[in-house]
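In what follows, a single structure is set out as structure tokens and then discussed.
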Amino acid sequence: MNYNFDWGVVVDAFPTLLGGLGLTLQLAVITIVISMVLAVPLAMARMARIEVIRWAAQAYIEVFRCTPLLVQLFWIFYALPALTGITLPGYVSALIALSANLTAFMAEAYRSGFQSVPVEQVEAGRMLQLSHLQQLRYIILPQALRQQLPVILSLNISLFKDTALVSTIAVADLMFIANTVSAQSYRSLEVFTVAALMYFAIAFPVSLITSNIERRMQLAAGHGPIGKKLFLARLVPGKKTVTL
Amino acid sequence: MRPAHLAQEKAPTMENAPTIDNVEQASRRGEVLVSARGLEKSFYGRTILKHVDFEMKTGDITVIIGKSGSGKSTLLRAIAGLTDPDAGEIAIGGKTVFADGARTKEWNTVKSDVGMVFQTYTLWPHMNVLENLTLAPRKRLGMKAGEARDRAEIALEEVGMKHHILSRSTQLSGGERQRVAIARALMMKPKLLLCDEITSALDPPVAAEVLEVLRRLKEEDGIALALVTHDMAFASKAADRVVFFHEGEIAVNSSPADAFDHCTNEDLKRFVDAVRF
Ligand SMILES: Nc1ncnc2c1ncn2[C@@H]1O[C@H](COP(=O)(O)OP(=O)(O)O)[C@@H](O)[C@H]1O
Ligand SMILES: [Mg+2]
């Protein structure tokens, strides 16, 4: 195979690609913030004592977990206007679809985090006259978030990568820009390689942090505190982990 | 060293002088503080409390004993407001707090007088000792950080844990955790402290230390204590009343002497023998 690389195209288009990455990051961050907040009431509704509320929450979660994100995106962008007469810009549709989807997954992570908090700790708060909201804010949430941190981080990495789907509804994210540049320059190999590296450069560090936290939590659960040396050793991918 | 009463933080220089709270509490010693009539409770068709009548006096230690599953926790939880009985009435300090299957309006004015400590997972592990103690006073009583810390120091002093004020709760031993949990309950100045098997997970000498803390609280602060325990030595030494639960009913309710030395109830005799080995 004899392919003549032409990185000049990429050099020229680099600022444009960076602009696309900027929009991708913006979409991801806004989506993550919205979802992490909305997942709290959704997770609580999923555990509610009143059956109707519980079922409604579960139905919502299952709909978004069991249909493709791309279909959800198209539904909100194309079908919702047909239904309501309101046409939303691509960017807004993208934010709604991504947030609605991530919220469903996030709520399930929260729920198992909530359930990991021993009931005595919550009842102790109740006996000290803390309100429901204060019990949630000061006793349940901090522990649930900490316990589910690896899950929450991997959900966020997935979401970050899945934002590429919004390019299909003409939102000028990194994927959309890469596609455009590649079509104009006939240099798809170079352009998509650079796009992939950009996604990787953001996601990989978070992924490393995630597996690190996970290992540390496993160790803390079974084997007490771990030394700094061990912690650093675990940052190096592929390096054999010490078995205790 | 006399651990200062919690109410004394306003006059720290008069360590030994009785405060208004103290005098009031002391003068009420012997008055009925908790009165429960005809409590019934079933879980999934299984009757746990069968028409239970229960009474506690101000400044008394009431020890509740009985086999596991006999309904001891359910009674404490009903008094604490964590479980609603199916039927019966509960009055605290002369105010009806539960009647006709529901908490009354008066419950809201009384519930802060009731504290409870549990057997396990008593402290919030993501906070240190000081944060455990000051969270509720700051958020519920609107106390400033400094004032809350002062009160925390007094409460920790009372349970002999002041030197651990900045320790993480996960660094404490089981007995230390329980003592901090007691101090945390004291922060809200309860008149009544309910302790559900708070020493059951502890080694006997450590358990004895924790129980000694409770006995001092009663002596010096006049706090009424209801505690579920399997420690018969403590029950016979420190209890004012012993209540024996048997299959959801109070089978014996008497002084420790009558309960242990002149016992006529066969179930209680068998229970005491079983606990003694
Ligand atoms: N919230 C609950 N739901 C269902 N069953 C319960 C609940 N609380 C207590 N029970 C049942 O009631 C029985 C008596 O409980 P409890 O009052 O805890 O007994 P004790 O404290 O004397 O061991 C237990 O066997 C338990 O199965
Ligand atoms: Mg019990």
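If you read the protein sequences in the order shown, they are chains A and B.
Counting in my numbering, the first sequence tops out at residue 1248, every number present.
Counting in my numbering, the second sequence tops out at residue 298, every number present.
Here a beta-carbon is modelled for each residue, glycine too, at the ideal position from N, C-alpha and C.
Just tell me which of Asp224/B, Val293/B, Glu218/B and Phe75/B has its CA closest to the CA of Gln140/B.
-> Glu218/B
What is the residue span of the beta strand (DSSP E) that Asp299/B lies within?
-> Residue 299/B is absent from the structure shown; chain B starts at 22 and stops at 298.
For ligand 3, is there a heavy atom less than 7 Å away from the beta-carbon of Lys210/B?
-> Absent from the structure shown: ligand 3. Ligands present: ligand 1 and ligand 2.
Is the stretch 1041-1048 of chain A close to the stretch 1203-1212 of chain A, with three or more CB pairs under 8 Å?
-> no
Outcome for Thr1088/A when other beta-carbon atoms lying within 10 angstroms are tallied against a minimum of 16 = exposed
Residues of its chain near Ala259/B, where Cβ-Cβ distance is below 6 Å and the 5 sequence neighbours each way are ignored = Ile82 and Arg236
Three-state secondary structure (DSSP) at Met137/B?
-> strand
Determine, using beta carbons only, whether Gly66/B comes closer than 8 Å to chain D.
-> Absent here is chain D; the protein component of the structure consists of chains A and B.
Is it a yes or a no for the stretch 101-120 of chain B touching the stretch 262-281 of chain B, going by three-plus beta-carbon pairs under 8 Å?
-> no
Pick out every residue whose C-beta is nearer than 7 Å to a heavy atom of ligand 2: which are they, in chain order?
-> Ser89/B, Lys93/B, Ser94/B, Asp217/B, Glu218/B and Val249/B
Chain A contact for Trp145/B (CB, 8 Å cutoff) | yes
Nearest-angstrom Cα separation, counted from Ile1065/A out to Ile1090/A = 25 Å
In the stretch 137-167 of chain B, which residues sit with their C-beta less than 7 Å from some C-beta in chain A, listed in chain order?
-> Met137, Phe139, Thr141, Tyr142, Thr143, Trp145, His147, Leu156, Ala157, Lys160 and Arg161
Does the Cβ of Phe292/B lie closer than 7 Å to at least one heavy atom of ligand 1?
-> no
Is the beta carbon of Ile1065/A within less than 7 Å of some heavy atom of ligand 1?
-> no
Assuming Met1110/A contacts Ser1039/A under a Cβ cut-off of 8 Å, what Cβ separation, rounded to an integer in Å, is found between them?
-> 5 Å
Using 10 angstroms around the beta-carbon of Pro211/B, count the other beta-carbons present and answer buried if the total reaches 16, otherwise exposed.
-> buried
Check: Tyr142/B C-beta below 7 Å from any heavy atom of ligand 1 | no
Reducing DSSP to helix, strand and coil, say where His267/B ends up.
-> strand
Just confirm the distance between the C-beta atoms of His185/B and Val150/B, as a whole number of angstroms; I'd bet it's less than 8 Å.
-> 5 Å
Looking only at its own chain, which residues have a Cβ that is under 6 Å from the Cβ of Pro158/B, when we skip the five neighbours before and after it?
-> Met164, Ala169 and Met208
DSSP on Glu30/B, reduced to helix/strand/coil?
-> Residue confidence for Glu30/B is low, a pLDDT of 40 falling below 50, so the modelled location carries little weight; the figure read from the coordinates is stated next. Of the three classes helix, strand and coil, the one that applies to Glu30/B here is helix, per DSSP.
Collapsed DSSP secondary structure at Thr83/B in the structure displayed | strand
Under 8 Å between C-beta atoms, does Arg1150/A make it to chain B?
-> yes
Which residue comes first and which comes last in the alpha helix (DSSP H) that contains Asp296/B?
-> Sequence inspection shows Val at residue 296/B; the Asp mentioned does not correspond to that position. Taken as a continuous stretch (DSSP letters only), the alpha helix (DSSP H) holding Val296/B covers Glu287 to Val296.
Determine, using beta-carbon pairs with one atom in the stretch 243-250 of chain B and one in the stretch 273-286 of chain B, whether at least three such pairs fall under 8 Å.
-> no
Determine the extent of the beta strand (DSSP E) in which Glu241/B is found, giving its start and end residues.
-> Counting along the chain, Glu241/B falls outside any beta strand (DSSP E), though it belongs to the alpha helix (DSSP H) covering Pro225 to Asp242.
Taking the beta strand (DSSP E) that Val1067/A falls in, what are its first and last residues?
-> Here Val1067/A belongs to no beta strand (DSSP E); instead the alpha helix (DSSP H) covers Glu1055 to Arg1069.
Is His185/B helix, strand or coil by DSSP?
-> helix
Report, in whole angstroms, the separation of the C-beta atoms of Ala1101/A and Leu1159/A, which I expect to be a contact under 8 Å.
-> Incorrect: roughly 16 Å between the Cβ atoms, too far for contact.
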